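*Asks:* Under numbering that gives the first Met the number 0, the final residue of the sequence shown carries the number 206; numbering is consecutive throughout.
From the three backbone atoms N, C-alpha and C, an ideal C-beta is built for every residue, glycine too.
None of the values given here were measured: they were computed from a predicted structure.
Mind having a look at this structure? Questions to follow.
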Amino acid sequence: MCFLGSTAVPSLATLKQRGQKMHLKQQKPPSLAMEDPMYSLQDVIREHKQHKKEDILTLFETKRKLMQKDLQDIEKSIYPKYQEAATNIPVQRADGMKSEINDMDAQHIAALDQQEVAINHTIPKITQIILDLKRLLDTKLAITFLLDEPQILTDIQTECGSLYSVSCQSDSELWTCGNKDNILRLYSLQGELLRSVQTKSENWPRY
Numbered sequence: 000m001c002f003l004g005s006t007a008v009p010s011l012a013t014l015k016q017r018g019q020k021m022h023l024k025q026q027k028p029p030s031l032a033m034e035d036p037m038y039s040l041q042d043v044i045r046e047h048k049q050h051k052k053e054d055i056l057t058l059f060e061t062k063r064k065l066m067q068k069d070l071q072d073i074e075k076s077i078y079p080k081y082q083e084a085a086t087n088i089p090v091q092r093a094d095g096m097k098s099e100i101n102d103m104d105a106q107h108i109a110a111l112d113q114q115e116v117a118i119n120h121t122i123p124k125i126t127q128i129i130l131d132l133k134r135l136l137d138t139k140l141a142i143t144f145l146l147d148e149p150q151i152l153t154d155i156q157t158e159c160g161s162l163y164s165v166s167c168q169s170d171s172e173l174w175t176c177g178n179k180d181n182i183l184r185l186y187s188l189q190g191e192l193l194r195s196v197q198t199k200s201e202n203w204p205r206y
C-alpha cells in the first residue's frame, strides 16, 4: 500500500493476491446410512458420484462469486484511486515548481516523478487483471464426468486372428497387432486398413 497525498493506493502485489488467493475448503460428502441391508454397493457408488458432482459445482460457484467480488472492488475502488493519483501528480508537481525551490522541494518533486512512473506502469496491469477476470467470468462451465457405463464408439473388424495389442496413433487412427503375428496394421476409426508393416525380424513384436 502506498500513499499519494490523502489517497491510499494498493500495490500491484496486493491486487494479484486479491485475484489469485481464493482458498476454498471442499465440503466432505455427507455420510451414507448403511444400516439397511438392501442398500447395495452400487447405490453407495451412485450417491457418492452425485455428491462429488455437487461438490465440484459448489466449488466453481463459490470461486465465481469471489471473482465477481474482486472484479467489483478493482473496478469501483482500486482502479479509480490509481487514476486519481495519476491525475493529481502533475498538479502537485506544478504547485511545487511555483514555490521557491530548495533542497526539500527538489526531493519532493523527484519522489513525485518516481511515483508517477510506478503508477503509469501499474495502471495497464490493473486493466489487464480486469480483462482477465471478466474473461474468466464469461467462460461457461464445462465439466465432463466419467461415464457409469463404457460407450462403444465403433466396431473394427481386424485381420488379426487373435488381437494381442492396440496402440492409438491419434484420435482417429490406431495400430493393431495379432497374437504371434509379425504384421502391424494401422486402421482408421471407420475400420479402413491404412497401412501394414512387417517386422524386419519376421517375429511378432513383444512389448
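Using 10 angstroms around the beta-carbon of Asp69, count the other beta-carbons present and answer buried if the total reaches 16, otherwise exposed.
*Replies:* Answer is buried; the Cβ neighbour count reaches 16.
*Asks:* Just verifying my parser: in three-state terms, what is the DSSP assignment at Ser76?
*Replies:* helix
*Asks:* What's the C-alpha gap between Ile182 and Val165?
*Replies:* Approximately 13 Å between the Cα atoms of the pair.
*Asks:* Please classify Thr121 as buried or exposed, where buried requires at least 16 other C-beta atoms within 10 Å of its C-beta.
*Replies:* buried
*Asks:* Here's the rule I'm using: 16 or more other beta-carbon atoms within 10 Å means buried, otherwise exposed. How should Ala110 be labelled?
*Replies:* By the 10 Å Cβ count, Ala110 comes out exposed.
*Asks:* With the cut-off set at 9 Å, would you say Gly190 and Thr153 are in Cβ contact?
*Replies:* yes
*Asks:* Indicate whether Ile125 and Tyr78 have their beta-carbon atoms separated by less than 9 Å.
*Replies:* Yes, they are a contact pair.
*Asks:* If you measure between the beta carbons of Glu201 and Arg184, is that distance less than 9 Å?
*Replies:* no
*Asks:* Tell me the DSSP bridge mates of Glu172?
*Replies:* Ser187
*Asks:* Beta strand (DSSP E) containing Leu192: first to last residue?
*Replies:* Leu192 to Gln197
*Asks:* On the three-state DSSP scale, how would you describe Ile151?
*Replies:* In this structure, Ile151 counts as coil in the three-state DSSP scheme.
*Asks:* Which residue's Cα is closest to the Cα of Thr66: Ala117, Ile155 and Leu130?
*Replies:* Sequence check: residue 66 is Met here, not Thr. The shortest Cα separation from Met66 among Ala117, Ile155 and Leu130 belongs to Leu130.
*Asks:* In the DSSP assignment, find the unbroken beta strand (DSSP E) run with Leu162 in it and report its ends.
*Replies:* Leu162 to Cys167
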